[in-house]
Structures are given as C-alpha cells and as structure tokens.
Amino acid sequence: MIGDTPPATAAWGYCDRDYPREAIVSPYKFKTAQAHYEALLEEARRRGGPTQHTYATVPGDWSGRYVWHRGQNWYAELLWNQYPTLLSLLTDEYKTRMVQEAYHDAHTNAPQWPAQYCWPEGFMRRWHYHAVTNQPHSIIVTPTLVQFLAGDADNFITNIHIGRSFDMGGAVPRLGAEVPRWYGDTIGFWDGDALITWTSNIQGWKVHGNPEFSGALQTIEIYTPNRDKAGKFLGLNHEGIFYDPEALVEPIRMTRTLERISGFETGEPYTFIECVQTIYPINGLAKPVVAGSVIPYKVPNMFGRPWAEIWKEYHEKGMQRPPEKELITFD
C-alpha cells in the first residue's frame, strides 16, 4: 500500500467518499442544551411526568455489564470522514487547531496524545472507541443516581443526578463549585422508560485525531431500552447531542448501541485503571523512559493546551500563525 517511493506512491483511499455532513449535525431545532433539556422536560410534564421511581419501580434490568461494538458512530474512529467535512463543523479557531494537529501527526511525526503521557482523557473520549472498550461498561441504576463506568486508559465515571437542577449563577450551569470538571456535572430525569440527561461544566480538552472542544461544551444525552419482539431487554440505545458555541458552528449528534451481556453476578469485575507514565515528551517527541533514568522535564499547564505548547517550542520555529482573515474557510 505504501509503494516504493512514499508518500507519493502511498494509497490515499477514496477521496470521493465521505460520511455526509447532514448525518453529523443535529437534526433538532435547538440552539442550546438548556433549551433542548427544558423542551424535553416540558414534554414529560404534559404526559404526567417526569417519572418518579422507587427501588421497587426503577428499571433494575439496566444494571449490569455492557459492550459497545465497533463501527457504530462516525466520531469513534473517524473511519469514514473526510477532513474538509469535519473542518466545516468548526469555528475558525478550532479549524486551525485541528489542522495544526493533523500537520504534526502526519508531517513532523510528533503526536502529543494525552493517554501516552497519562494526562487526563477528557469528556469527549467517552465517545472514542479505543478509550472505553477493552472491558465492559458497568451501569448501576438507583432512584436518585444512575452511574456509567467505563475505561481503558483511564476511568470514565458519569454520575447522573436524577431530579436535580443546575445552579445557573455562573459562567455555565453546574452542580457544585464554579470549577470545570473533566467529565462535567450531569442531571437527568425519567420520561417513562427513557432517561434524559444534561451535562455542563466541562473542562475544555481534546481527543487525539478529533477536534478539540471548549469549556462551553454541553450535551443532551438520551438513553432508551432496546428490546426484542418478546419484550426482552437487550441493551440501550444512546443518543448524544453536543452544543459547543465556541468550537462548533452548529450542534452535532452521535448515536451508539450498548449491548447488555450480563448482570454483575458473572464476568470479570471492572478493573480500575491506574496509569503509570513511561513515555515522556523529550525534545518535543514522545519517548519511552526506563525506570531509574534522569531526564529534563517541563511541567505542562494542564489547563491550557500543553500539546500545542510542545509543538510551538520544538516544531514551529520560524512558522507564523496566519492572520485571522486568512484562516481556513470554505467560501
């Protein structure tokens, strides 16, 4: 596939094929997560809801172990996507950031993947296939809290606080202190057998190979049961709608199916992840370092863009950022 004189002879795939943009953007009319959540809550109220569960009525068959089969949504690996289509979803600043990463991944061969350094994974890695599929998801359902636990490179814990309301007094809606959280704060309600959630107060970050996201990101997620013709519970359909006015020109949408494989009475228990760093950024490149070695190390600013700081220091000398009017456009 590479040929005798790469990259000129390398296979480039089918440039005339793409995952359509209209299948990526949200089909709903809402401009904000708040408006979307409030509309769904009002629908539930018109039907006599939200549904109030006790331990006797909560859908206990949701509790258990689940797998997410590969190839279900466009974001998980970007297997079918053309870069220009992805860039068309982004604001100018975030287009530039995505092109910057593509350049350093492909040209300078200096990817700065958070997982390789044991850096935080960030909220959107929940939807990235290789971050959460080496062991089953664990779901626990109670009347006041629903917990989703998954993890490969790190532990992804989503605590859905049923029936609670956000504090709307800060920069973004939140439950606790006015401090961004790596996986945000999540509230939700039941509408019959559907669980509807709203997540806010997310720490802006990145997923390697995918667009960066900002601290303005908020999501609406909808979980509905998947049953066979006889009514047997098979798993969950999971829909996510993503609102990020800083990074996205319009909301986007993803779906996936989680297949229930067992309860907690069988199967291997969840393995809690502890990441022990063995790879470090040395002169701008990810290098393995053996125990006992002494290396120079610059402590990264985890609340900035540490990957971009490495690129700037080691791989962008002599480069000049284009003026804003010359940033990538599709006009």
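Here our numbering is used: the first residue of the sequence shown is 149, the next is one more, and so on.
Beta carbons are placed, not taken as given, at the ideal position from N, Cα and C, and that holds for glycine.
Note that the structure is predicted; figures quoted are calculated from it, not measured.
CB contact below 8 Å: residue i versus chain D
i: Leu-234; result: Annotation note: the requested chain D is absent from the structure, which comprises a single protein chain.
Check whether residue i and residue j have beta carbons under 8 Å apart
i: His-285; j: Leu-406; result: yes
i: Ser-362; j: Asp-333; result: no
i: Val-206; j: Arg-401; result: no
i: Arg-408; j: Tyr-214; result: yes
i: Trp-216; j: Arg-404; result: yes
i: Trp-261; j: Tyr-167; result: no
i: Thr-233; j: Arg-169; result: yes
i: Ile-427; j: Asn-303; result: no
i: Leu-189; j: Phe-390; result: no
i: Gly-415; j: Tyr-462; result: no
i: Gly-357; j: Trp-275; result: no
i: Gln-283; j: Tyr-418; result: yes
i: Gly-208; j: Val-289; result: yes
i: Arg-312; j: Ile-287; result: no
i: Pro-280; j: Asp-300; result: According to the sequence shown, residue 280 is Val rather than Pro. Contact: yes.
i: Ala-395; j: Pro-359; result: yes
i: Thr-372; j: Leu-384; result: yes
i: Tyr-185; j: Trp-346; result: yes
i: Gly-197; j: Asp-339; result: yes
Limits of the alpha helix (DSSP H) - the one that residue i falls within
i: His-463; result: 454-463
i: Thr-244; result: 240-254
Residue interval of the beta strand (DSSP E) (run including residue i)
i: Tyr-371; result: 366-375
i: Asp-339; result: 333-339
i: Glu-387; result: 381-391
i: Phe-451; result: Looking at the DSSP string, Phe-451 is not in any beta strand (DSSP E), and its letter there is neither H nor E.
i: Thr-345; result: 342-348
i: Tyr-296; result: The sequence shown places Phe at residue 296, not Tyr. It spans 293-299 - the beta strand (DSSP E) in which Phe-296 sits, taken as one unbroken run.
i: His-428; result: In the sequence under discussion, the amino acid at residue 428 is Tyr, which differs from the His named in the question. That run of the beta strand (DSSP E) goes 427-430.
i: Pro-436; result: 433-436
i: Ser-286; result: 285-289
Under the three-state DSSP convention, the category residue i falls into
i: Tyr-263; result: Here residue 263 is Ala; the residue named in the question, Tyr, does not match the sequence. Ala-263 falls in the helix class under three-state DSSP.
i: Glu-170; result: helix
i: His-278; result: helix
i: Leu-234; result: helix
i: Met-402; result: strand
i: Leu-312; result: The amino acid occupying residue 312 in the given sequence is Arg; Leu does not appear at that position. Coil at Arg-312, not helix or strand.
i: Phe-412; result: coil
i: Arg-329; result: strand
i: Arg-322; result: strand
i: Phe-304; result: strand
i: Phe-420; result: coil
Proximity test, residue i beta-carbon vs the ligand ADP heavy atom, cut-off 7 Å
i: His-276; result: This structure simply doesn't include the ligand ADP, nor any ligand for that matter.
Legend entry - Ranges of the alpha helix (DSSP H) found wholly within the stretch 179-231, counting only runs of at least 4: 181-194
Legend entry - Segment contact flag, the stretch 304-320 with the stretch 229-247, C-beta cutoff 8 Å, min 3 pairs: no
Inset, instruction - Decide yes or no for the touch test of the stretch 456-466 against the stretch 243-253: beta carbon pairs closer than 8 Å, at least 3 of them. - result: yes
Inset, instruction - May I ask you to verify whether the stretch 351-361 touches the stretch 258-276, counting CB pairs closer than 8 Å and requiring at least 3? - result: yes
Legend entry - Validate contact between the stretch 361-377 and the stretch 175-195 using beta carbons, cut 8 Å, 3 pairs: yes
Legend entry - Three-pair Cβ contact test at 8 Å for the stretch 436-456 versus the stretch 298-310: No: the two stretches stay apart, fewer than three of their Cβ pairs being nearer than 8 Å.
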